[in-house]
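Asker: Residue numbers (my numbering), protein chains in the order written: chain A, 1 to 275; chain B, 1 to 308.
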Amino acid sequence: MVNPIPAAQVSSVKDIAQVEVKPEVKVEIQNLSFFYGRNQVLRNVSLDVPAYQVTAMIGPSGCGKTTLLRCLNRMHDLYPGNRYEGSVRLYPGGTDILGPGMDPIRVRMRFGMVFQKPNPFPKSIYENVAYGLRLQGMNKRRDLDERVEKALRESALWDEVKSRLHQLAHNLSGGQQQRLCIARAIATDPDVVLFDEPTSALDPIATSKIEELIVEMKKRVTVIIVTHNLQQAGRISDRTAFMYLGELIEFGETNRLFTNPAKPQTEDYISGRFG
Amino acid sequence: MPASQNLRKQEARASRRRSIDRWFGRIGFLVTLGTLGVLAILLLNLAASGLTRIDWQFLLSFPSRRPAEAGILSAWVGTILLMMVTASVAVPLGVAAGIYLEEYAPKNKWTDFVEINISNLAGVPSILYGLMALGLFVYQFRFGQSILAGGLALACLVLPIVIVATREALRTIPASIREAAFALGATRWQAVWHHLLPYSTGGIATGVILAMSRAIGESAPLITIGALTFIAFLPPAPILAHAPFISFDWLFSPFTALPIQMFNWVSRPGEEFQSNAAAAGLFLMLITLSMNGAAILLRRHAQRNIKW
Ligand SMILES: Nc1ncnc2c1ncn2[C@@H]1O[C@H](COP(=O)(O)OP(=O)(O)OP(=O)(O)O)[C@@H](O)[C@H]1O
Ligand SMILES: [Mg+2]
Chain A
1 MVNPIPAAQV SSVKDIAQVE VKPEVKVEIQ NLSFFYGRNQ VLRNVSLDVP AYQVTAMIGP
61 SGCGKTTLLR CLNRMHDLYP GNRYEGSVRL YPGGTDILGP GMDPIRVRMR FGMVFQKPNP
121 FPKSIYENVA YGLRLQGMNK RRDLDERVEK ALRESALWDE VKSRLHQLAH NLSGGQQQRL
181 CIARAIATDP DVVLFDEPTS ALDPIATSKI EELIVEMKKR VTVIIVTHNL QQAGRISDRT
241 AFMYLGELIE FGETNRLFTN PAKPQTEDYI SGRFG
Chain B
1 MPASQNLRKQ EARASRRRSI DRWFGRIGFL VTLGTLGVLA ILLLNLAASG LTRIDWQFLL
61 SFPSRRPAEA GILSAWVGTI LLMMVTASVA VPLGVAAGIY LEEYAPKNKW TDFVEINISN
121 LAGVPSILYG LMALGLFVYQ FRFGQSILAG GLALACLVLP IVIVATREAL RTIPASIREA
181 AFALGATRWQ AVWHHLLPYS TGGIATGVIL AMSRAIGESA PLITIGALTF IAFLPPAPIL
241 AHAPFISFDW LFSPFTALPI QMFNWVSRPG EEFQSNAAAA GLFLMLITLS MNGAAILLRR
301 HAQRNIKW
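#1: Is the beta carbon of A183/B sitting closer than 8 Å to the one on M113/A?
#2: W265/B and A277/B look like a contact to me (Cβ under 8 Å); what is the Cβ gap, rounded to whole Å?
#3: Assess contact between the segment 183-202 of chain A and the segment 189-202 of chain B, defined as three or more Cβ pairs (one per stretch) separated by less than 8 Å. Is contact present?
#4: Under 5 Å, CB to any heavy atom of ligand 1. Which residues pass, going along the chain?
#5: Indicate the three-state DSSP secondary structure (helix, strand or coil) for L59/B in the structure shown.
#6: Determine the burial state of P261/A: buried for a count of at least 16 other Cβ atoms within 10 Å of its Cβ, exposed for fewer.
#7: To the nearest whole angstrom, what separates the beta carbons of V221/A and P190/A, a pair I think is in contact under 8 Å?
#8: Using a beta-carbon distance cut-off of less than 9 Å, what residues from the segment 173-191 of chain B approach chain A?
#9: Indicate the three-state DSSP secondary structure (helix, strand or coil) for E160/A in the structure shown.
#10: For a quick check, are the C-beta atoms of L135/A and Q190/B less than 8 Å apart?
#11: If I measure Cβ to Cβ from K209/A and keep anything under 8 Å in the same chain, skipping five residues before and after, which residues do I get?
#12: Under a Cβ-count criterion, where at least 16 other Cβ atoms within 10 Å of its own Cβ denotes burial, should L257/A be classed as buried or exposed?
#13: Would you call V138/B buried or exposed, if buried means 16 or more other Cβ atoms sit within 10 Å of its Cβ?
#14: Examine chain B for any beta-carbon lying closer than 8 Å to the beta-carbon of H170/A, and answer yes or no.
#15: DSSP on G252/A, reduced to helix/strand/coil?
#16: Is the Cβ of M75/A closer than 8 Å to any Cβ of chain B?
#17: So which of I116/B, M132/B, Q274/B has the shortest CA-CA distance to L154/B?
#18: With burial defined as no fewer than 16 other Cβ atoms inside 10 Å of the residue's Cβ, what is the status of K26/A: buried or exposed?
#19: Below 8 Å between beta carbons is the criterion; list the residues of the segment 97-129 of chain B that meet it against any residue of chain A, in chain order.
#20: Any idea which residues DSSP pairs E247/A with across the strands?
#21: Where does M102/A fall in DSSP's three states?
#22: Does any CB atom of chain B fall closer than 8 Å to the CB of K117/A?
#23: Looking at chain B, is there any beta carbon in it that lies within less than 8 Å of the beta carbon of P80/A?
#24: Check this for me: beta carbons of K130/B and P221/B, under 8 Å apart or not?
#25: Per DSSP, what are the beta-bridge partners of F35/A in this structure?
#26: Can you give the beta carbon distance from G202/B to A302/B, rounded, assuming they're within the 8 Å contact cut?
#27: Measure the C-alpha to C-alpha separation of N45/B and L39/B and round it to an integer number of angstroms.
#28: With a threshold of 7 Å, establish whether the CB of D191/A neighbours any heavy atom of ligand 2.
#29: According to DSSP, is D189/A part of a helix, a strand, or is it coil?
#30: Compute the beta-carbon to beta-carbon distance between G137/A and T188/A, rounded to the nearest angstrom, for a pair I have assumed lies under 8 Å.
#31: Below 7 Å, is the gap between the Cβ of E24/A and the nearest heavy atom of ligand 2?
#32: From Q232/A, R273/A, H228/A, pick the residue whose C-alpha is nearest to that of I58/A; which is it?
#33: Just to make sure I have the definition right: I need the residues of chain A whose C-beta is within less than 8 Å of the C-beta of I204/B. Which are they?
#34: With a threshold of 7 Å, establish whether the CB of V226/A neighbours any heavy atom of ligand 2.
#35: Starting from A175/B, trace the alpha helix (DSSP H) in both directions and tell me its first and last residue.
#36: Is the shortest distance between the beta-carbon of G309/A and the beta-carbons of chain B less than 8 Å?
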């Protein structure tokens with residue numbers, strides 16, 4: 001299979017004749033296994049997440065999608081007894097974020113995360129977006145104002161909230177709250193944004209707004225999204241990873257994977273025979 | 001069995017259950033009414049014999065052998081100073097321990113053991129705290145029969161209450177809020193300081209006030225460490241008119257407190273001392289009730305802007 005060159009990258013490729021160039025890799029997952037105590041949930045997952053693309057992860061409930069996503073920003077370190085094996089390299093640079101001596105705090109500052117249910121802090125809209133910036137040491141009012149506005153514009157929320165930035169975030173609707181959480185996650189310019197079923201608690205209109213945002217967002221960041229909704233994966237992702245029982249079964253270009261899956265399990269899943 | 005008969009049986013069973021329900025409701029209501037009634041009678045009784053005694057003279061006089069001239073000045077000043085010691089020890093220690101146990105402590109046999117024993121400590125008879133304080137603070141640390149020793153004894157007594165209240169307040173904060181902070185790169189300390197503590201101040205403060213209203217009425221531990229029952233002077237003032245403007249001599253002063261003053265009067269013969277005791281009791285009760293009221297208001301106010 002020939003890898004298509006992502007639109008965002010064409011301009012940067014000098015030698016157009018070199019068509020088989022692989023898309024730039026952002027996150028290289030190699031032989032990743034994960035254990036909740038003695039319970040192994042991920043088995044030797046290897047996967048190259050391309051930069052400035054949307055990568056979807058699909059698979060039946062309990063197959064380990066959330067677990068994989070939370071390995072990438074070391075969220076599992078918050079709870080005792082969890083163990084990683086293998087490596088996850090972040091490019092450019094290629095540092096192993098699971099490696100010894102890697103500080104999970106630093107990892108989390110480079111990976112934004114948006115959760116399944118909107119979880120704004122019980123603070124103002126402004127403070128929600130500013131929090132990540134404050135953690136990174138920004139405290140000048142003018143800088144903060146600028147970055148908060150930018151993040152809110154990029155999450156298509158600015159026009160709806162610009163007149164009430166200092167009101168509580170909980171007065172927003174569910175869809176607005178989720179866009180606020182996106183603004184909070186992208187305000188610090190992370191390298192990668194991780195979404196765990198970000199629209200499963202939202203109605204169709206709020207969902208389509210968020211889908212638009214994600215597609216728009218890939219100009220600036222690499223996106224990895226877990227979803228249960230195969231249509232959603234088809235609509236917004238460039239590449240799709242299909243997982244089953246903690247293993248990566250198939251990974252490829254989304255159109256190809258949905259129309260011409262290489263593995264029988266993938267075919268069974270996308271045709272609705274299980275999961 | 002014909003269907004209609006079956007139905008009738010079910011109907012009979014359902015109506016029996018409904019009547020049990022009704023009766024339980026009625027009995028519960030009566031029991032509640034009775035309990036409230038007892039409390040009301042107690043208050044009225046105190047008020048009837050004590051209310052007329054409460055005036056400025058009563059609040060601003062030292063105890064005296066002549067009941068009509070006696071007052072509770074040294075008692076309420078002692079109580080306030082004790083509470084200052086108690087709060088400034090029990091609150092930081094209790095909140096810190098609650099945060100540690102809830103947010104930092106690993107889950108293992110040792111922390112399980114600590115946890116169980118904190119609940120047990122809340123049930124230890126207060127006089128035992130008095131005995132411990134007598135041995136430890138009065139004799140071992142040589143604090144004497146002082147406000148410091150009394151305040152520390154009461155602090156030990158209410159420490160478990162503060163710890164438990166802190167943990168419960170922290171536990172109402174959903175994990176998703178913690179994860180939101182961690183995902184942005186917050187350390188545990190930052191998550192506690194920027195989020196968990198601010199979101200749980202209402203609950204913690206309520207717990208602290210309830211703990212203080214428990215401490216304010218305690219007499220057994222204070223008597224055990226040797227609080228005086230008759231004191232006709234005030235401890236040295238904490239604020240001075242000259243440099244260094246602040247003094248801690250009062251910490252080592254002998255003291256009395258409201259419940260002890262009351263105990264002293266109750267144990268004396270004579271109608272008039274009894275009404276002095278009732279007046280002191282009423283005063284103590286008013287303080288306790290207004291502390292509880294403050295706790296309720298505070299909780300409402302602090303939680304107003306906090307939703308998940
Ligand atoms: N904290 C935990 N401790 C132990 N086992 C866990 C824990 N969280 C998840 N698991 C187990 O790990 C497996 C993978 O869970 P995970 O949440 O990653 O699945 P998922 O693919 O995200 O499922 P879903 O689509 O339902 O969200 C499941 O079998 C689950 O029971
Ligand atoms: Mg999941």
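Just so you know, even glycine gets a beta-carbon here, dropped at the ideal spot from N, CA and C.
Answerer: A quick look at the data gives this:
#1: It is a contact, given that the beta carbons lie within the stated cut-off.
#2: So it is a contact: roughly 4 Å between Cβ atoms.
#3: Contact annotation: the segment 183-202 of chain A does not touch the segment 189-202 of chain B, with fewer than three C-beta pairs closer than 8 Å.
#4: The set, ordered by position in the chain, is Y36/A, V41/A, S61/A, G62/A, C63/A, G64/A, K65/A, T66/A, T67/A.
#5: L59/B: helix per DSSP, three-state reduction.
#6: Buried: at least 16 other Cβ atoms inside 10 Å.
#7: Rounded to whole angstroms, the Cβ separation of V221/A and P190/A is 6 Å, and the two are in contact under 8 Å.
#8: Those would be P174, S176, I177, R178, E179, A180, A181, F182, A183, L184, G185, A186, T187, R188, Q190, in chain order.
#9: Reduced to three states, the DSSP call for E160/A is helix.
#10: The beta carbons of L135/A and Q190/B sit closer together than 8 Å.
#11: Result list for K209/A: A156, G175, R179, in chain order.
#12: It is buried - the Cβ of L257/A has at least 16 other Cβ atoms within 10 Å.
#13: V138/B comes out buried.
#14: For H170/A, the nearest beta carbon of chain B is closer than 8 Å to its own beta carbon.
#15: In the three-state reduction of the DSSP assignment, G252/A falls in the strand class.
#16: With a threshold of 8 Å between beta carbons, M75/A makes contact with chain B.
#17: When each option's Cα is compared against that of L154/B, the closest is M132/B.
#18: Buried, because 16 or more other Cβ atoms sit within 10 Å of the Cβ of K26/A.
#19: Answer in chain order: P106, K107.
#20: E247/A pairs with Y244/A.
#21: In the structure shown, M102/A falls within a coil segment according to DSSP collapsed to helix, strand and coil.
#22: At a cut-off of 8 Å, the C-beta of K117/A has a neighbouring C-beta in chain B.
#23: Look at P80/A: its C-beta is under 8 Å from a C-beta on chain B.
#24: Residue 130/B is actually Gly in this sequence, not Lys. Annotated as proximal: G130/B and P221/B, with beta-carbon spacing under 8 Å.
#25: For F35/A, which the question treats as bridged, DSSP gives the partners Q40/A, R83/A.
#26: That pair is a contact at about 3 Å.
#27: Each residue's Cα considered, the two are about 10 Å apart.
#28: Not under cutoff, so the answer is no.
#29: Here D189/A sits in coil by DSSP.
#30: About 11 Å separates the two Cβ atoms, so there is no contact after all.
#31: Not under cutoff, so the answer is no.
#32: Sorting Q232/A, R273/A, H228/A by C-alpha distance to the C-alpha of I58/A places H228/A at the top.
#33: Near I204/B there are no residues of chain A at all, since even the closest Cβ is about 16 Å away, more than 8 Å.
#34: Checking the Cβ of V226/A against ligand 2 gives yes.
#35: Here the alpha helix (DSSP H) through A175/B covers 175-183.
#36: The structure shown has nothing for residue 309/A, since chain A only spans 1 to 275.
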